[in-house]
Structure formats: structure tokens, C-alpha cells
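Here the sequence shown stands for residues 1066 to 1162, where the numbers follow this note's numbering. Beta carbons: idealized from backbone N, C-alpha and C, even for Gly. Report on the following structure.
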Amino acid sequence: MPTYVYEVLDKTGKPTGRTFEIVQSIKAEALTKDPETGEPVRRAIVAPNLGLAMSANKSRLSNKNLAKLGLTKYERKGKGYMERVAGEGGPRSIGGE
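Here it is in C-alpha cells:
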């Protein structure tokens, strides 16, 4: 079930800056009152938490996986100097003095 964020509203319907989270079924109606205090609330629009997707992307972009796919990756090791950290193609380092 998703976690929703709600904003607490003042008597005129403006946000007070206070929020709370609640786990609800996706089919459940949005709350209109805080279950604890009875104050008016509205569901806030927030960016979704994509933590799991980010973890999967990190493993896909690991040096070992990139090398296995035949790609080359360079990382900055100093000002104007990059060193190959994955793959076999290309020079060992780029730049430098």
C-alpha cells in the first residue's frame, strides 16, 4: 500500500506547514480531517520515492557490469586527468601533464 503525505490546513484552507504521512489503500478516499486532531487536511503532491529503482540502476552501472558489456568507463582522478576504471578499450588514462 502506498504512503500518502497530507498537509494540515488552517481555518481558511491555507497550509500551515505541518504534514504527516499515512499508509492507505490506493482505492481509499483521500482524508479530509487529521485522524488524531480532527483538523482539516488535504493530500499533498510529492515526488515518489524511487529508492529501489535507484539501487537497481547502480548495479547496472557498476564497473564490473560495464566491462562485461564491452563498455569503457573513465573517472576523474585529478584536474584534467581521467583514468580508465572499467573495460579494456581505449587508453589507460586521458589528459594529465
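Under the three-state reduction of DSSP, Ala1093 is assigned to coil, being neither helix nor strand. Between the alpha carbons of Glu1086 and Tyr1069 lies a gap of roughly 6 Å.
In the DSSP assignment, Lys1142 falls outside any alpha helix (DSSP H) and within the unbroken beta strand (DSSP E) covering 1138-1143.
The alpha carbon of Arg1107 has as its nearest neighbour, out of Lys1076, Gly1154, Lys1133, Gly1143, the alpha carbon of Lys1076. Tyr1071 is classed as buried because its beta carbon has at least 16 other beta carbons within 10 Å across all chains shown.
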